[in-house]
Structures are given as structure tokens and as C-alpha cells.
Amino acid sequence: MRKNKLFVVLVSLFTLVILMAGCKGTGPEGESAGAESEETESGKTVIDFWVSWGDSKADWFNKWIDKYNASQDEVEVKATFIAGDAWEQRVKAAQAAGTGPDVMTMNYGSIVFSAQQGKIQPLDEYVDPAIFEDLHDFANEFVSFDGKHYAYPFNAEPGSILLYRKDFFEEAGLDPEQPPETWDELIEYGKKLSKDGRYGLTAAGNTNDLAWSHWGLQAMTGQLPISDDWSKATINNEGYKKLFKFWKTLYDEGIFPKQQPGMYTEIQPLVDGRTAMMFNGSFTFDALRNEYADVVDKIGVAPLPTPDGNYKQPTSAMGGWTFVVDGNSKHPEEAAKFIEWFLAGDPEIMVDFFELSNFSSFTGRKSVDEALKDHPEASNDEWRKILLEKVIPYAVPEPIHAWEISLAYANALERVYLQGQDIDESLKQAEKEINDYIETNDYAGTNPRLQ
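Counted from 1, the sequence shown has number 146 at position 146 by the UniProt record's numbering; the numbering is strictly sequential.
Written out as C-alpha cells, the structure reads:
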């Protein structure tokens, strides 16, 4: 009996070893083992590429990756698609272990610190310098640090615009081609558009959404809640007092719902008629045109209203995505060359993406914009024209200061419009919270953009 048990154990162990050997190439769900497997059987160098879109755009990425792999016989790119919720954790763990992919997508706000910490490598020594001359100024600034380029732009998205229902404007006696331009007009329109079952306006409805979706509104005050050198709080001033009063009025007048119906990025309340106007981002265009084609013609787009009605000032922060080379990649040149081919090569690659995504985002490249001018859909897209003329030229980059600074702003605003705290008191409290953060974390003078 003991011999039989020993035999069973040995067989089980042998089977386990065989199974482990067979599974070595895949790793956790959605993760390739590219760090260990550097060549294919044909001798091609394997470049692992992680994409943060999950499966939503997998077919499109794979189509162009296959074209790249077929275009040369030295490199094979293998893509891994990771859903948004798991993305940050997976990337952090892989980079901490030194097993990150050769190439990955990265948002603009992460580039500077990733470069400063050696998590990503500059592209300049591996690619034609002319590819950076093709970038618009805003995109060139976003991907640069300390005189080098650490990323190449994939897309760019204004995170704050006004969407509204033209049919509801007509119903309320408002001109659907004349959306509100000032804060006072927005309040006036909001009152006229509100009725039983429908609010005049919806926007960010929780602390985290307020923290990032208000970067454009903060820019309207002339400054972020912290000084450029990160040495002191700059939130307690007249600009922020006016902004807080404006936001509180929207709530007090019943233009805002007591509780916002969903996350900031959700477009459903505008589509189903629960709101007449909405603050949201250009990323909504894709869902609107794909899923709600029956109401697209009823929706208008405009810059966020400003205190004085002048749109030639920041009304939105620009977010978006890039490709980067991991700091520990064993094949940085091959990785950079892939990025150059994919993002800085034939403009039609990115034209194809923008067409697929219903022109819901924009390009950082001059040559792609030129190609889009001749595209029948892009050139006649009214939403796109409005954003290109009135929003994008004046947009600010997503701030790179600590998230805690944005949370201090959001908490202060919520204390005012949800809890009834005095505006001056709330701003003083936020000022103290930010200054305490600066002192506790030795934060003064650490802005890498000013190093």
C-alpha cells in the first residue's frame, strides 16, 4: 500500500511538472511571457506590447500589428490586451519585478514621472528625429522631459465639453445653434430647460470625478490649486470663490440633480432625456454614434461656458494615450522602431483608428490632421470642427501634481454645494490641507517640469 501511495505521488508530481512546462508561455490571464521568450522559432526577436484598451479595439490593433510583422523579418510583435480595471496593478507589478513589456500604452499624465524614475526610455537615439517635427506643439510638450522624447502620441481627448439636446432647446424657446457661453447664461438656460423628469444640467457626481473633470474649470480661474513650483496652495482666491459660487448656484437652483445619475463618462442621461445639458468629454462621441444613432442629430456640442464668454482660454484639460518603451526592455531599438512605424509612419494607420472610433479623439500629428482634412466624414464632422476651433487650441495638459491636490479641491467643493459649508471656510480648509501635504511630503520645488 505504501508503494502504491508513493507511486501515485510520483506520478502526480511528474504530471504537475509537465503541466507547468506546458503553461510557461502564457502566465496569468491576458499576460504573455515575453520577458522570458525573446525569439521565435524562426529567429525573430519578440517584442511584447501591452494595450490598455482590453478587447474593445483588439481587432484593430491586431490588424496593424500583423501588417508590421509581415513588413519585415527581424521582429515579431505580440500584443496583450488588459482591461482598464486591471491595467494599473498589472503594469506596476511587472515594472517592479523588471518584467514589463517592451512597449506599452501610457497616458500623458504618467510620462514625466515614469521618465524621471527610469521606468521608460527615451526614443530619440533609435528613431528619425523628423518624427518629432511632425508633432503639434501641445503633443510635443506632453511627451517630452528634460530635452528628450519619452513617448509618441497615439491620441488626444478634451475631457470637458458641453453636450446638449437641441430638441429640448427648441421646446424651451432657446436657439439650438446658440448654446450658453457664460456661466450666467448656463444658469439661465438651465432654469428654462429644467422640468419634471428632466434636469437642466448634469456633470461629475462623485469626488473622484470632480477631482479630474474640473481641471478645465480650474484653469478658468487662472491657476491650479497649487503653485507651479508646488511650494504653496493657490486655491484660496477670488477665482475659486467665483467658481464655487457658480457650482453651488447650479445645485441650489435645482438645475443639478441632488444626486448625479451615474459616472461622469456616462452619456445615457442625455440620451434618454433625463438631462438637457451635460458636461462630458469627446470620448462620448464613439458611444453616441455607435449605440445611439437615433438621437445623434439632436445633440449639439460646444466649449464649456466661461465666466466672461470668451472661449479663447482653457476650458478643458487634454488627456489621451501614447506608446512608450519600458525602462528594462532588452530590445529598446526594436521596440522604438515599432512605435515609429505604427504611430509616426503612414498617416492612414491613425486615420483608420479615428474613423473606427467615430472621431471621438484627436491626433498630435500635423500630417494626420492634413490627411483628415481630405477625409469625407472627418472634414464634415461638425462636432470635430467645433472642438478643433474652440477647445483644443486653448486646452491645458492634464496636471501632473499629486492626486491628493485634486482631491482637496473636490472635497472642498462638495463641502460647499452638498454640505452647505461657507465658501471662504471651505477654501481655507483646502488651502491648509494642500499646504500640509506639501510640508509632510517635502513637495515644494519638486515639479519635474521645472527641474
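The beta carbon of each residue, even a glycine, is placed where N, CA and C say it ideally should be.
Predicted model, so just to flag it, every value in this text is computed and none were measured.
Host alpha helix (DSSP H) of residue i (start-end)
i	result
residue 245	238 to 252
residue 163	Counting along the chain, residue 163 falls outside any alpha helix (DSSP H), though it belongs to the beta strand (DSSP E) covering 161 to 165.
residue 280	Run containing residue 280: none in the alpha helix (DSSP H); it sits in the beta strand (DSSP E), 277 to 280.
residue 414	403 to 417
residue 84	84 to 96
residue 232	No alpha helix (DSSP H) contains residue 232, which DSSP labels as neither H nor E.
residue 78	Counting along the chain, residue 78 falls outside any alpha helix (DSSP H), though it belongs to the beta strand (DSSP E) covering 75 to 81.
residue 62	58 to 71
residue 387	382 to 390
Same chain, Cβ closer than 8 Å to residue i, five either side skipped, listed in chain order
i	result
residue 134	344, 365, 366 and 367
residue 267	163, 278, 280, 284, 287, 288 and 292
residue 141	397
residue 262	205, 268 and 269
residue 306	181, 182, 183, 220, 313 and 315
residue 187	246, 249, 250, 253 and 255
Outcome for residue i when other beta-carbon atoms lying within 10 angstroms are tallied against a minimum of 16
i	result
residue 473	This structure cannot settle anything about residue 473, because the visible part of the chain is limited to 1 through 451.
residue 212	buried
residue 337	buried
residue 148	exposed
residue 427	buried
residue 35	Residue confidence for residue 35 is low, a pLDDT of 43 falling below 50, so the modelled location carries little weight; the figure read from the coordinates is stated next. Classification of residue 35: buried, given that the 10 Å Cβ count is 16 or more.
residue 380	exposed
residue 275	buried
residue 70	exposed
residue 372	buried
residue 155	buried
residue 445	exposed
residue 358	buried
residue 403	exposed
residue 450	exposed
residue 24	A caution first: residue 24 carries a pLDDT of 33, below 50, which makes its placement in the model unreliable, though a value can still be read off. Exposed, by the Cβ-count rule.
residue 37	Caution applies to residue 37, whose pLDDT of 45 falls short of 50 and renders its modelled position unreliable; the value that the coordinates give is listed next. Under this definition residue 37 is an exposed residue.
Pair within 8 Å by beta-carbon distance, residue i and residue j
i	j	result
residue 270	residue 407	no
residue 314	residue 394	yes
residue 108	residue 322	yes
residue 409	residue 235	yes
residue 158	residue 143	no
residue 221	residue 243	yes
residue 64	residue 349	yes
residue 56	residue 87	no
residue 282	residue 161	yes
residue 386	residue 317	no
residue 203	residue 260	yes
residue 300	residue 361	no
residue 102	residue 49	yes
residue 123	residue 325	yes
residue 401	residue 120	no
residue 392	residue 434	no
residue 62	residue 79	yes
residue 151	residue 106	yes
residue 111	residue 81	no
residue 231	residue 423	no
residue 414	residue 217	no
residue 91	residue 98	no
residue 174	residue 195	no
Residue i: first and last residue of the uninterrupted beta strand (DSSP E) it sits in
i	result
residue 48	45 to 51
residue 220	No beta strand (DSSP E) holds residue 220; the alpha helix (DSSP H) holding it covers 215 to 220.
residue 440	It is not in any beta strand (DSSP E) - residue 440 instead sits in the alpha helix (DSSP H) that spans 423 to 440.
residue 107	103 to 107
Contacting residues, own chain, Cβ-Cβ under 7 Å from residue i (five flanking each side not counted)
i	result
residue 369	363
residue 170	176
residue 429	412
residue 75	44, 45, 47, 334 and 338
residue 383	285 and 301
residue 399	215 and 224
residue 341	68
residue 309	181 and 182
residue 432	none
6 Å Cβ shell around residue i - same chain, five flanking residues per side excluded
i	result
residue 190	200, 201 and 255
residue 118	327
residue 207	410
residue 223	234
residue 298	165, 166 and 167
residue 417	247, 248 and 251
residue 375	none
residue 116	448
residue 329	102 and 335
(message) What ranges does the alpha helix (DSSP H) occupy inside the region 182 to 207, keeping only unbroken runs of at least 4 residues that lie completely in it?
(response) Taken in chain order, the unbroken stretches of alpha helix (DSSP H) that lie wholly in the region 182 to 207 and span 4 residues or more are 183 to 193.
(message) What ranges does the beta strand (DSSP E) occupy inside the region 257 to 300, keeping only unbroken runs of at least 3 residues that lie completely in it?
(response) 277 to 280
(message) Which complete alpha helix (DSSP H) runs does the region 298 to 375 hold, if anything under 4 residues is left out?
(response) Every alpha helix (DSSP H) of 4 residues or more that sits fully in the region 298 to 375 is shown, in chain order, as 332 to 344, 347 to 356 and 366 to 373.
(request) Quick one: which unbroken alpha helix (DSSP H) runs of 4-plus residues sit fully inside the region 110 to 152? Chain order, please. (result) 130 to 133 and 137 to 142
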